[in-house]
Amino acid sequence: MTAASSLQASQSELERELALALDQQTATSAILRSISSSPNNLQPVLMAVAENAARLCNADVSQILRIEGDFLRLVASYGPIPSRLRGEAIRINRNSVAGRAVVDRQAIHVHDLLSELDTEFPDAKPYSKLWGHRTTLATPLLRDGIPIGAIFIRRTEVRPFSDKHIEVLKTFADKAAIAIENVRLFQELQARNSELVRTVEELRALAEIVQAVNSTLDIRTVLTTIVTRAVQLSGSDAGAIYEFNEKAQVFQLRAPHQMTEEHITALRKTRIGLDQTVVGNAALAREAVQLADVEGETRYPLLKIMEQAGFRALLAVPLLHDRTIIGALVVQRKAPGKFPQQTIDLLQTFAGQSALAIQNARLFHEAKEKGQALEVVSKHKSQFLANMSHELRTPLNAIIGYTELILDNIYGEVPEKIRDVLQRLEKNGRHLLGLINEVLDVAKIEAGRLTLSMGDYSIGEIVQTVSAALEALAAEKGLLLKVFVPEDLPVGRGDERRLTQVLMNLVGNAIKFTEAGEVRIEVQTSNEGFLVSVADTGSGIALADQQYIFEEFRQVDSSNTRSKGGTGLGLSIAQRIVELHGGRIWVESELGKGSTFRFSMPYAQDTRIQF
Numbered sequence: 120m121t122a123a124s125s126l127q128a129s130q131s132e133l134e135r136e137l138a139l140a141l142d143q144q145t146a147t148s149a150i151l152r153s154i155s156s157s158p159n160n161l162q163p164v165l166m167a168v169a170e171n172a173a174r175l176c177n178a179d180v181s182q183i184l185r186i187e188g189d190f191l192r193l194v195a196s197y198g199p200i201p202s203r204l205r206g207e208a209i210r211i212n213r214n215s216v217a218g219r220a221v222v223d224r225q226a227i228h229v230h231d232l233l234s235e236l237d238t239e240f241p242d243a244k245p246y247s248k249l250w251g252h253r254t255t256l257a258t259p260l261l262r263d264g265i266p267i268g269a270i271f272i273r274r275t276e277v278r279p280f281s282d283k284h285i286e287v288l289k290t291f292a293d294k295a296a297i298a299i300e301n302v303r304l305f306q307e308l309q310a311r312n313s314e315l316v317r318t319v320e321e322l323r324a325l326a327e328i329v330q331a332v333n334s335t336l337d338i339r340t341v342l343t344t345i346v347t348r349a350v351q352l353s354g355s356d357a358g359a360i361y362e363f364n365e366k367a368q369v370f371q372l373r374a375p376h377q378m379t380e381e382h383i384t385a386l387r388k389t390r391i392g393l394d395q396t397v398v399g400n401a402a403l404a405r406e407a408v409q410l411a412d413v414e415g416e417t418r419y420p421l422l423k424i425m426e427q428a429g430f431r432a433l434l435a436v437p438l439l440h441d442r443t444i445i446g447a448l449v450v451q452r453k454a455p456g457k458f459p460q461q462t463i464d465l466l467q468t469f470a471g472q473s474a475l476a477i478q479n480a481r482l483f484h485e486a487k488e489k490g491q492a493l494e495v496v497s498k499h500k501s502q503f504l505a506n507m508s509h510e511l512r513t514p515l516n517a518i519i520g521y522t523e524l525i526l527d528n529i530y531g532e533v534p535e536k537i538r539d540v541l542q543r544l545e546k547n548g549r550h551l552l553g554l555i556n557e558v559l560d561v562a563k564i565e566a567g568r569l570t571l572s573m574g575d576y577s578i579g580e581i582v583q584t585v586s587a588a589l590e591a592l593a594a595e596k597g598l599l600l601k602v603f604v605p606e607d608l609p610v611g612r613g614d615e616r617r618l619t620q621v622l623m624n625l626v627g628n629a630i631k632f633t634e635a636g637e638v639r640i641e642v643q644t645s646n647e648g649f650l651v652s653v654a655d656t657g658s659g660i661a662l663a664d665q666q667y668i669f670e671e672f673r674q675v676d677s678s679n680t681r682s683k684g685g686t687g688l689g690l691s692i693a694q695r696i697v698e699l700h701g702g703r704i705w706v707e708s709e710l711g712k713g714s715t716f717r718f719s720m721p722y723a724q725d726t727r728i729q730f
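Numbered per the numbering used here, the sequence shown spans residues 120 to 730.
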């Protein structure tokens with residue numbers, strides 16, 4: 120060959136290589152554009168890879184195969200392939216060209232397949248006879264070194280592929296692997312996004328349900344919210360919440376959603392018990408029960424109502440409270456098929472909230488009924504006390520009155536011995552009258568009939584009245600009764616008689632429970648009002664007992680206190696009178712160091728107050 124011929128041949132070869140490189144670059148760009156424009160559609164990309172691989176490598180047929188388990192299955196092809204072989208699968212082993220490429224993870228180039236069928240590639244023999252191909256080339260599709268498929272090109276004549284063709288096929292194999300990986304990642308991202316959206320929606324629905332349960336006692340509103348969200352998030356067409364009537368042993372429809380009036384009427388007319396119903400079976404099993412298709416189902420007669428309404432699939436979740444049957448949450452779908460586990464889990468959460476709502480409503484109803492009953496009992500008790508106090512006061516006043524007349528010698532001279540007895544009779548009668556008055560006051564307070572007769576009063580005069588009335592009682596026990604009242608005190612506005620009753624009670628108690636020392640009454644003023652204190656040097660009150668002494672019929676639990684007697688109503692009445700005036704009363708005490716009772720009192724109450 121002359122130098123000119125050799126140069127011309129070299130130039131032709133270079134031009135072919137440049138043309139191949141340009142075609143490869145153009146094809147690669149087209150494939151990359153296809154990958155970018157179809158992030159979720161793999162098929163156009165694989166078809167483009169197969170076509171360009173066949174064209175650039177001068178092959179008659181090009182195929183792309185994906186790994187499915189232990190087989191390679193055809194997913195894209197270019198060139199004539201018998202239709203009956205399009206669904207065929209190639210077992211992944213070294214007995215076929217594509218299988219060996221996957222197993223060895225490298226390109227396999229067979230120059231003449233017919234010469235090597237029986238020895239090297241026995242599984243390829245039937246395909247070679249059908250397609251008539253002789254030269255074959257296969258290379259694996261690798262993702263991070265792991266095979267996910269293979270690309271396979273063939274020629275019907277014995278014409279081996281060049282090294283350039285092998286490199287081109289490897290390049291297209293890489294592009295096919297990238298496309299497959301991109302689609303996989305895109306689909307995973309979409310799945311994660313869908314899962315995230317679903318989770319957010321479920322959390323939002325659960326928050327809405329929890330808010331409904333916690334914010335209202337209207338059971339219909341709560342259950343309607345729950346069943347509406349349950350139908351939406353489960354992809355169902357209708358749903359309902361049933362409440363279980365334990366006495367009648369039946370489920371009663373409480374909150375239907377997306378049901379026709381005919382369907383609802385049919386359900387209300389039908390007895391839904393624990394036997395022969397899906398709802399009953401779910402409740403007895405304490406777990407969700409579903410039917411993927413109710414068509415032809417004969418175990419549950421009630422399903423005919425559901426089928427007539429056009430529904431095919433059903434899921435029933437029991438409502439339980441401490442394993443006790445409360446009801447059931449049911450969703451229905453017009454399309455047959457099983458409900459996924461995540462839907463069952465979600466509805467079980469909704470069922471728990473439904474059970475809580477029904478239980479709360481039941482407890483509230485029971486509490487309301489008991490409260491009404493207690494209110495009636497309390498009203499009757501107060502009325503009884505008021506009536507009895509009135510009936511007792513009338514004859515008692517007569518007894519005291521006649522005793523005073525006898526002591527005043529209205530009916531003649533009274534012997535000294537009888538006079539002493541009559542004086543005791545009068546004293547105990549007045550004590551009894553005081554106790555009856557206390558009971559009557561409590562009855563008035565509880566019946567809401569205790570009123571304050573508002574008027575101007577002098578706190579100093581109230582203190583002097585009380586000290587004058589009880590000075591003799593203190594002197595009998597050898598106690599000093601001290602009074603400290605500032606001059607020029609402002610005039611207060613309130614019920615003078617009731618305030619005198621409060622101070623009389625506090626000072627009387629102080630004298631009663633003090634054996635030695637003194638009782639001290641002191642008044643102080645501030646911008647808010649009066650502060651009245653009654654202090655004694657008695658035995659004191661334990662800290663644990665101080666929180667109870669203002670309750671009705673409660674006294675400090677000690678032998679010393681029990682020996683003093685009393686009803687335990689005085690402090691309770693005093694507290695209520697003070698509070699009616701807008702003030703407050705409290706005690707400061709320590710065992711062995713005496714007690715100090717204080718009450719605050721605003722200067723004026725502008726309105727007439729009724730408890």
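Note that the Cβ used here is the ideal one computed from N, Cα and C, for glycine as well.
- For Leu-161, no beta strand (DSSP E) encloses it; the enclosing alpha helix (DSSP H) starts and ends at 161–175.
- Where Tyr-246 is concerned, the enclosing alpha helix (DSSP H) starts and stops at 244–250.
- With contacts defined as CB atoms closer than 8 Å, Thr-619 and Val-585 qualify as a contacting pair.
- Bridge partners of Val-180 according to DSSP: Arg-273.
- Closest by C-alpha distance to Ile-209, out of Leu-393, Trp-705, Gln-182, is Gln-182.
- The straight-line gap separating the alpha-carbon atoms of Ala-435 and Asn-479 is approximately 22 Å.
- Proximity of the region 420–429 to the region 460–477 falls short of the contact definition, fewer than three beta-carbon pairs being nearer than 8 Å.
- Cβ neighbours of Thr-389 within its own chain (closer than 8 Å, five residues either side excluded): Leu-421, Ile-424.
- 8 Å or more divides the Cβ of Asp-575 from the Cβ of Arg-617.
- Annotated three-state conformation of Gln-467 is helix, per DSSP.
- Look at Leu-193 here: in three-state DSSP terms it is strand.
- Shown here, Phe-483 sits in a helix according to DSSP, grouped into three states.
- Asp-539 and Glu-545 have their C-alpha atoms roughly 10 Å apart.
- Within a 10 Å sphere around the beta-carbon of Leu-600 sit 16 or more other beta-carbons, which makes this residue buried.
- Per DSSP, Leu-393 lies in no alpha helix (DSSP H) segment and is marked neither H nor E.
- For Glu-239, the three-state secondary structure derived from DSSP is coil.
- For the pair of segments examined, the region 622–631 was found not to touch the region 658–671: the number of CB pairs separated by less than 8 Å stays below three.
- Arg-262 has its alpha-carbon roughly 8 Å from the corresponding atom of Ile-297.
- Distances from the alpha-carbon of Gly-399 to those of Glu-381, Asp-282, Leu-439 put Leu-439 closest.
- Sixteen is the threshold: when 16 or more other Cβ atoms of the shown chains lie within 10 Å of the Cβ of Asn-624, as they do, the residue is buried.
- The C-beta of Gly-251 has fewer than 16 other C-beta atoms within 10 Å across all chains shown, which makes the residue exposed.
- Cβ-Cβ separation between Ala-178 and Arg-274: approximately 6 Å, consistent with a contact (criterion under 8 Å).
- For Tyr-361, the three-state secondary structure derived from DSSP is strand.
- Boundaries for Asp-664: no beta strand (DSSP E) harbours it, while the alpha helix (DSSP H) harbouring it runs 662–665, taken from the DSSP string.
- For Asp-223, the enclosing alpha helix (DSSP H) stretches over residues 216–223.
- Ile-227 places its beta carbon less than 8 Å from that of Ala-257.
- Distance from the CA of Lys-244 to the CA of Val-277, rounded to the nearest whole angstrom, comes to 16 Å.
- Contiguous alpha helix (DSSP H) elements confined to the region 421–450 occur at 422–427, taking only those with 4 or more residues.
- Straight across, the Cα-Cα distance linking Ala-359 with Glu-414 is about 20 Å.
- Residues of the same chain with a CB within less than 8 Å of the CB of Gly-548, apart from the 5 flanking positions on each side, are Leu-515, Ile-518, Ile-519, Thr-522 in chain order.
- Under the criterion of beta carbons closer than 8 Å, Pro-437 and Ala-476 do not qualify as touching, at roughly 15 Å.
- Between Leu-662 and Arg-717, the C-beta spacing is not below 8 Å.
- The shortest C-alpha to C-alpha distance from Ser-473 to any of Val-582, Ile-211, Val-346 is the one to Val-346.
- Taking 8 Å as the cut-off, the Cβ atoms of Gly-711 and Gly-659 count as close.
- Around the beta carbon of Pro-375, a 10 Å sphere encloses 16 or more other beta carbons of the protein chains shown; the residue is thus reported as buried.
- The C-beta distance from Ser-714 to Gly-657 rounds to 6 Å, short enough to fall under 8 Å.
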